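Here is the structure we will look at, set down as structure tokens.
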Amino acid sequence: MRSLTIRTRLLLLTLGVSFGTLLVAALLIDRHLLGYHRDLAQQEITEGFARLESQLQQFQARLELEAGVLASNERLVASVDLINAYQNPEQYQAILFDEEKRSISQRLLTALLSGQAQQAFVYSLQQELVSLVAVGDQHNLQVITSYVDAQPLLLVLQGDPQDFFWPEQSLETSLQQRAQSHDVLDQQSALSPMQGGLLLEHGRTLWRSLPDGRRLPVGQLVLSRWLDDDYLSRLLPDHLTFHLLEARAAGVKPGVIQQDSEGFYALQQLMSSHNQPIFLQLRYPLHLYEASRKTTRRAIWLAVPLTFLLVLPLALWLLFRLITHPLGNLMQGVERLRAGNYEQLVPIRSGDELGQLAQAMNQMAVEIRQREQDLHQVNQDLRRLSEVMAHHFQEPVRRLQVFSEQLQQSEALTGDEKNRLALTFIQQQSRRLSQLVRDVQQYLALEQVQPEFEWLDSRVELTRLLTSSPLRSRLDAAGARVLLGENLPQVWFSTKRFQQLFAILLDNALNYASPQRPLEVHIDAHKEAQSWVFSVADNGSGIDPVYLQQVFDLFVRLVPSDYPVAGSGMGLALARRMLQLSGGDLRVRTNNKQVKGTQEQGCVFEVLIADRNRIDG
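Our numbering runs 1412 ahead of the 1-based position in the sequence shown.
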């Protein structure tokens, strides 16, 4: 019979402990909290309605007072009366009427900055907008209506309408909608929902007094105050939330506490215009009450000791038996693998996931041990091959070179042109074979010799390399220039291998220099991720992009066998392997550039050396 998985056991254990704890806590909480929650909800919701109603009444009274002050401003009334009497859209005199409207706008702005209203609208007797002013926390808005070619044109004197609470439509459309709602406001206030808050407005007719005591209407003034959702939330007791509704649910009476799955709530009707009632819903969630948390904590404190005494010892014993002890065996097995001990296996005592993991670790240890043995054998073979090449391969090559030189000194053989060419070919190929053997031996020895790493100054080492006699002689003979950049850093690398690496790259540039121009090599460095990238760019003959990756293959030369420069095809492969063993890499790309109107093509070899500072950090 297959045993339960460890996941199933943990699930059953968790469910059992959780169910027992929650059952005890739920029995205690349900007995004490339901009535307390309802009473506290009634108290806080009633207080919230009272606060909101009081604040709305204060703002309404303030708007009425400020509207009365503005409506009694004789200069403001005279300006609106002048516009009504003499403004003609067909022959609109902007220099006269725009200035009057600017004067009205400035008076409105002064009043708003010292009062509670946030917006002021002035309409003519034909219910056409004369001026609009709105104030905000950081910016103000001033708009007047002018005329061009008998067509109304809204002029924004100050501010940006998008900084205020306009709907996402044009300013003209927004103002037309507001004008329609303002048309019915006469000596009264209105409340309407707007962008999650409430918009409180008060309208007042502007009257001009005649000498005989009569009054004539000349326009309308509307003041507005927007109470956003954040402001309304701050008025409420902590944790209460509000929602604005245009209709109430059937059967819900205003002011009566109701309960649903989310908590307690109540509705209250607010004043509104156009006979459209607005309902304010206040709600709070049960789990946020401080009193509820205290009662819940009291119930949990009664349940925790019972759970601790009955369930916790059993749970701890099962966890130790099923998880802790098997995991300890697995960790010991991992440490033995890290130490190279593949003989002692992890004991398997169950068929669950941990037992399967132990079996997989044992199988992995067996495979690692076999692979390590195979790798050791391969390394032994390579070491023997290197020793054989060092002696048995080089000895015939040296004899070929010696006897070919002796034959070249023989006048009987060198007198004939064919014999002389044959001897020259033998000598060249024997030297190439000797170099090839040395390169292969060096390549095989890379992994066997541990280089000594140290902090080295790349500029100093490159300068030392360029002044060494063999390389300096070849550069001078070729008329080549090597330019060092300004960003050459200090790196953590083997000094010997650093010089050997760049000697290979410079030798490659000399071998494949273009006969059409003097050789120039630029060496610089920059950071890339966690590496220093040294670029070695030349203006030589270049490489066809199709063969860019083949240059790093062993024994590959992308030139004919009779190319005048000898080579083994091992240099770049040796350089790349040298870098890879140190955590770096070697890349190559083409180097196309314009020099004095001529397209030059060469190569850029990129040497990646790990940035020790970045890795340690």
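We treat Cβ as the ideally placed atom computed from N, Cα and C, and that holds for glycine.
Note that this is a predicted model, so its numbers are computed, not measured.
Inclusion of Gly1608 and Asp1641 in the CB contact set at 8 Å is warranted, their separation being smaller than that value.
Under the DSSP assignment, Gln1693 falls outside any alpha helix (DSSP H), being part of the beta strand (DSSP E) whose first and last residues are 1690-1697. Straight across, the Cα-Cα distance linking Ser1926 with His1934 is about 16 Å.
Taking a C-beta distance under 8 Å as the contact criterion, Pro1649 and Gly1447 do not qualify as a contact pair. Assignment of beta strand (DSSP E) within the region 1626-1678, counting only whole runs of 3 or more residues, yields 1627-1639, 1653-1657, 1670-1672 in chain order. For Asp1936, the enclosing beta strand (DSSP E) covers residues 1932-1940. Look at Met1773 here: in three-state DSSP terms it is helix. DSSP places Tyr1498 in the uninterrupted alpha helix (DSSP H) bounded by 1486-1498.
For Phe1576, there is no enclosing beta strand (DSSP E), as DSSP marks it with neither H nor E. At the C-beta level, Ser1673 and Ala1529 stay beyond 8 Å of one another.
According to the DSSP assignment, Gly1983 belongs to the alpha helix (DSSP H) that extends over 1983-1992. Judged by pairs of C-beta atoms under 8 Å, the region 1514-1522 touches the region 1543-1553, as three or more such pairs exist. As the crow flies, the alpha-carbon of Asp2023 is around 18 Å from that of Arg1989.
The continuous stretches of alpha helix (DSSP H) do not include Thr1617, which lies in the beta strand (DSSP E) extending over residues 1609-1621. Going by DSSP, Leu1877 is part of the alpha helix (DSSP H) stretching over 1870-1878.
Closest in C-alpha terms to Ile1516, from the list Phe1533, Tyr1504, Arg1783, Glu1502, comes Phe1533.
For Phe1964, there is no enclosing alpha helix (DSSP H), since its DSSP letter is neither H nor E. By the beta-carbon neighbour count (other beta carbons within 10 angstroms, threshold 16), Phe1837 is exposed. In the structure shown, Gln1589 adopts helical secondary structure according to DSSP, grouped into three states.
A distance of 8 Å or more separates the beta carbons of Asp1936 and Gly2014.
Pairing His1594 with Val1634 gives a Cβ-Cβ distance under 8 Å. Scanning its chain for C-beta atoms nearer than 6 Å, with the 5 sequence neighbours on each side dropped, one finds around Tyr1677 the residues Gln1670, Gln1693, Arg1695, in chain order.
Note: Gly2014 is bridge-paired with Asn2003 in the DSSP secondary-structure output. For the pair Pro1666 and Gln1680, the CB atoms are nearer than the 8 Å cut-off. Excluding the 5 residues flanking it on each side, Glu1864 has same chain C-beta neighbours closer than 7 Å at Ser1906, in chain order. Only residues of its own chain outside the window of five on either side were considered, and among them Leu1913, Asp1997, Leu1998, Val2019, Leu2020, Ile2021 have a CB closer than 8 Å to the CB of Leu1991, listed in chain order.
Per DSSP, Ile1556 lies in no alpha helix (DSSP H); the unbroken beta strand (DSSP E) holding it starts and ends at 1552-1560. When the alpha-carbon of Ile1955 is set against those of Leu1812, Lys1513, Pro1930, Asn2003, the nearest one is in Asn2003. In the DSSP assignment, Asp2023 falls outside any alpha helix (DSSP H) and carries neither an H nor an E.
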